[in-house]
Amino acid sequence: MAKDNKKMVDAITSMDEDFAQWYTDICKKAELIEYTSVKGCMVIRPYGYAIWENIQRILDGMFKETGHENVCMPMFIPESLLQKEKDHVEGFAPEVAWVTMGGSEKLEDRLCVRPTSETLFCEHYSNIVHSYRDLPKLYNQWVSVVRWEKTTRPFLRSREFLWQEGHTIHETAQEAIEETERMLNVYADFCEKYLAIPVIKGQKTESDKFAGAESTYAIEALMHDGKALQAGTSHYFGDGFARAFGIQFTSRENKLEYPYQTSWGMTTRLIGAIIMTHGDNNGLVLPPAVAPIQAVIIPVQQHKEGVLDEARKLYDTLKAAGIRVKIDDSENSPGWKFAEYEMKGVPVRIELGPKDIESKQCVIVTRHNREKTFVAIDDLVSAVNTKLEEVRDGIYQAALENRERRTYACTTMDEITKALEEKGDGFIKAMWCGEEACEDKVKEVTGVGSRCIPLEQEQLSDVCVCCGKPAKKMVYWGKAY
RNA sequence: CGGGGUGUGGCUCAGUUUGGUAGAGCGCCACGUUCGGGACGUGGAGGUCGUGGGUUCAAAUCCCGUCACCCCGACCA
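For what it's worth, our numbering labels the leading residue of the first sequence as 1391, then goes sequentially.
What follows is the structure, encoded as structure tokens:
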């Protein structure tokens, strides 16, 4: 039935007209955020925060499942501590915020507001790790961090953002590498299964890796407009941090050794990824697993005898079945409510009016395709659950198709330029020799930077797309958020 | 951080060129009629014109600073 994509919500700028404005409109109109008087610091409103809480709940469960414990580090880092690992401080110094006063007294040592907490974890590990028996430590924390960004955008790049940062420390390099890979997989599974966002797993190039890391892995997603978004990272540190911070333990062979570390993180940027992967011209489209409201009941002609009573019965039934359900019995017209909950991305809408009650049925409409189904009231719970799964699968497929359509395999620089011009922004797959000079040149000439070296390699050609020398790896390139 | 643009009731904007003391539509509140895709009528409330200085008898309007947002670059989860 009504499968047209007619725009029903004119409060939101059309995507094709102005993608950036469309994105901002959704953030505001779906009541995810509100700006504050500090640049880059936003209020995450209840509806937006509820999405984050669902993300947290699921991810946290996955971390616990893989043996991690939550801890909480302080938010301040003394300058001397930050300085200990050279690459790390060089990477982060340009964007840290400093506390220089305590009350009216100038601080002897100024304090950095954590941009990330490697240094704090390292200091802590140096105190508590003495023997191989103390290893591994598999820690995670849910906190906010501050990075003084120049250009800011809600969720995508704010100066303060919420995230989780996992920090683990291991007896052997092998174990730490396995941990790095394990968490990358956890992230990818989470994105695909729960957020319905297809991702590319890969390794960052040398120039793009985390400050202080030996290697950085990431999952990259492609947004509706063809730009890439890094959705999560997992780093292998080797023993570099341990050496810099003097973390040592006595091994099984009774030798003093340096342990190996990892860190991995995901942020509220995921909410931005959800918006830009699934959203449409009528607003947000939320993956059912993290939607604050999974199903909204809209009574039609609610003033008529019995309608609200019946609607409330549906509400009780769905709630008892563990579905996050809301009933909107406000005085707004049904049409207004349809538009409102579409804008807010509620996956499933249930309409119930006198006609339905008479025939013991109701109408279920799925958000992503506006498909209407008539369902017997007795079968409602299973029907809603089925529809929620359909929404998850439907939006995943749509996102995957968008990515496939916008992924171009290229063997020459000209092909890259041409593909971008003719088909629009997207992922470029092209071979690379491994030289940073070529990476820079590709960016300079075509405008796309390296996103990652995918774990799943293809041999598109034997030579580098840029210099023609023998190619080492196939790389995904793209314009990034 | 560089180049460009925009800030006027909650929202979208007019008014700024040529200074004279603030308007519209939507939203909000009340009542009534409505109700299967953003209903209608009547009445009402709501603005130190982003903000700080300056010029002037008088500033939304002119000048200087500053802040926020948007677009394009460079940096980044």
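Ideal Cβ positions, reconstructed from N, Cα and C, are used throughout, including at glycine.
| Check | Outcome |
| --- | --- |
| Taking the Cβ atom as the reference point for each residue, do residue 1604 and residue 1627 lie within a distance shorter than 8 Å? | yes |
| Cα separation between residue 1393 and residue 1795? | Note that residue 1393 has pLDDT 29, beneath the 50 cutoff, so the model's placement of it is unreliable and the number below is only indicative. Distance between the alpha carbons of residue 1393 and residue 1795: 22 Å. |
| Go through its chain and collect everything with a Cβ distance to residue 1395's Cβ below 6 Å, but skip five positions before and after it. | Its pLDDT being 42, under 50, residue 1395 is placed unreliably in this model, and the coordinates cannot settle the point. |
| May I ask which residues mark the beginning and end of the beta strand (DSSP E) holding residue 1864? | 1863-1868 |
| Would you identify the three-state DSSP class for residue 1418, choosing helix, strand or coil? | helix |
| With the cut-off set at 8 Å, would you say residue 1536 and residue 1505 are in Cβ contact? | yes |
| Looking at residue 1672 and residue 1402, is the spacing between their C-beta atoms short of 8 Å? | yes |
| Can you tell me whether DSSP reads residue 1692 as helix, strand or coil? | coil |
| Compare the C-alpha of residue 1837 against each of 1811, 1415, 1845, 1571 and name the closest. | 1811 |
| If you run the structure through DSSP and keep just helix, strand and coil, what is residue 1593? | strand |
| Mark residue 1655 as exposed unless 16 or more other C-beta atoms lie within 10 angstroms of its C-beta, in which case mark it buried. | buried |
| Using the beta-carbon count (16 or more within 10 Å), is residue 1464 buried or exposed? | exposed |
| Check whether the region 1698-1705 and the region 1646-1654 touch, using three or more Cβ-Cβ pairs below 8 Å as the test. | no |
| Is DSSP giving residue 1557 helix, strand or coil here? | strand |
| Indicate the three-state DSSP secondary structure (helix, strand or coil) for residue 1490 in the structure shown. | strand |
| In angstroms, rounded to a whole number, what distance separates the CA positions of residue 1525 and residue 1558? | 9 Å |
| Does the region 1545-1563 come close enough to the region 1758-1765 that 3 or more CB-CB pairs lie under 8 Å? | no |
| Could you please give me the residues that DSSP links to residue 1654 through a beta bridge? | 1556, 1624 |
| Can you name, in chain order, every residue of its own chain whose Cβ lies under 7 Å from the Cβ of residue 1542, other than the five neighbours on each side? | 1429, 1430, 1548, 1549 |
| Give me the Cα-Cα distance between residue 1779 and residue 1520, rounded to the nearest whole angstrom. | 49 Å |
| Straight-line CA distance for residue 1459 to residue 1629? | 22 Å |
| According to DSSP, which residues form a beta bridge with residue 1798? | 1818 |
| Should residue 1664 go down as buried or exposed, given a rule of 16 or more other Cβ atoms within 10 Å for buried? | buried |
| Within the same chain, show all residues whose beta-carbon is closer than 7 Å to that of residue 1469, passing over the 5 residues directly before and after it, in chain order. | 1499, 1500, 1502 |
| Between the Cα of residue 1594 and those of 1622, 1813, 1742, 1446, spot the shortest distance and give me the residue it belongs to. | 1622 |
| Considering only residues of the same chain and omitting the five flanking positions on each side of residue 1843, which have a CB-CB separation below 7 Å? | 1592, 1593, 1595, 1863, 1865 |
| Given 8 Å as the limit, is there contact between the region 1414-1426 and the region 1730-1749, that is, 3 or more CB pairs closer than that? | yes |
| So, for residue 1613: in the same chain, excluding its five sequence neighbours on each side, which residues have a beta-carbon less than 8 Å away from its beta-carbon? | 1619, 1663, 1666, 1667, 1871 |
| Starting from the C-beta of residue 1572, find all residues in its chain whose C-beta is less than 7 Å away, skip the five residues before and the five after it, and write them out in chain order. | 1456 |
| Beta-carbon separation of residue 1713 and residue 1681 under 8 Å? | no |
| Measuring only the C-alpha atoms, how far is residue 1425 from residue 1868? | 29 Å |
| Where does the unbroken alpha helix (DSSP H) through residue 1709 begin, and where does it stop? | 1697-1710 |
| Please confirm whether residue 1512 and residue 1631 have their CB atoms less than 8 Å apart. | yes |
| What residues match up with residue 1607 in a beta bridge as DSSP calls it? | 1593, 1624 |
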